[in-house]
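Below is one structure; the comments refer to it alone.
Numbering (my numbering), first residue to last: 5 to 177.
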C-alpha cells in the first residue's frame, strides 16, 4: 500500500537570508500587536517563491494567537495544495494549538525565532501567558504529513527576546 501523504514542501527551501529577514518582519508584526495592547507575537505567511508576503497577523488574544488566526485565514483564501509550498514565519515557536492549526491548514513549512522554553524563561509564570511544555516539534512529529520545521534561529533569537522581555516586564513579569 502506498502512502497518500504529501511530500515535504518543495525544495530548495528559503535561504538563510530570507529566513532571517522574514523572522525580523514577523517580530515587527509582534511589536505592532504590542503597541495596540495585544501580546507581542507576530506571524507572516510567505508564498512558494520565498519572497511574497501573503498575510501578516499579530496576536489577538489568548485563544486567537497570531499563527492560528493566520492559518485559518490562509485556509480560507488559498488552496491546500498552494499552502503546502508556503512558509509560516513566527517570532516565537508555535504552541501546540498553533502548530495543529498550521498543520490542518496544510501549511508545509514553519519557521520560528525562539523556543517556547525561551519564552517561559522570559515571562516566568505569568497569568497572561501560561506557556505549555509541548513543543511544536513534538506536534509535527506526530502528524501524518511531514511539516518542515526550522528553528530556533540564532540570528534573531536575541531580537525576539528583547521584544518579549520588554513587554512582559511592563506587564509585571
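Note that the Cβ used here is the ideal one computed from N, Cα and C, for glycine as well.
In this text, all values refer to a predicted model and were calculated from it rather than measured experimentally.
- It is roughly 22 Å from the alpha-carbon of residue 58 to the alpha-carbon of residue 65.
- When the five nearest sequence neighbours on each side are left out, the beta carbons in the same chain lying within less than 8 Å of the beta carbon of residue 19 are those of 54, in order along the chain.
- The shortest CA-to-CA distance from residue 140 to any of 167, 99, 126 is the one to 99.
- Closest option to residue 90, judged by alpha-carbon separation, among 113, 75, 107: 113.
- When secondary structure is reduced to three states using DSSP, residue 148 falls in the coil class, being assigned neither helix nor strand.
- In the structure shown, residue 83 falls within a coil segment according to DSSP collapsed to helix, strand and coil.
- When the Cα atoms are used, residue 125 and residue 92 turn out to be separated by approximately 24 Å.
- In the three-state reduction of the DSSP assignment, residue 139 falls in the coil class, being assigned neither a helical nor a strand state.
- At the C-beta level, residue 79 and residue 62 stay beyond 8 Å of one another.
- In the DSSP assignment, the residues bridged to residue 47 are 61, 94.
- Check the Cα spacing between residue 176 and each of 167, 127, 153, 159: the tightest is with 127.
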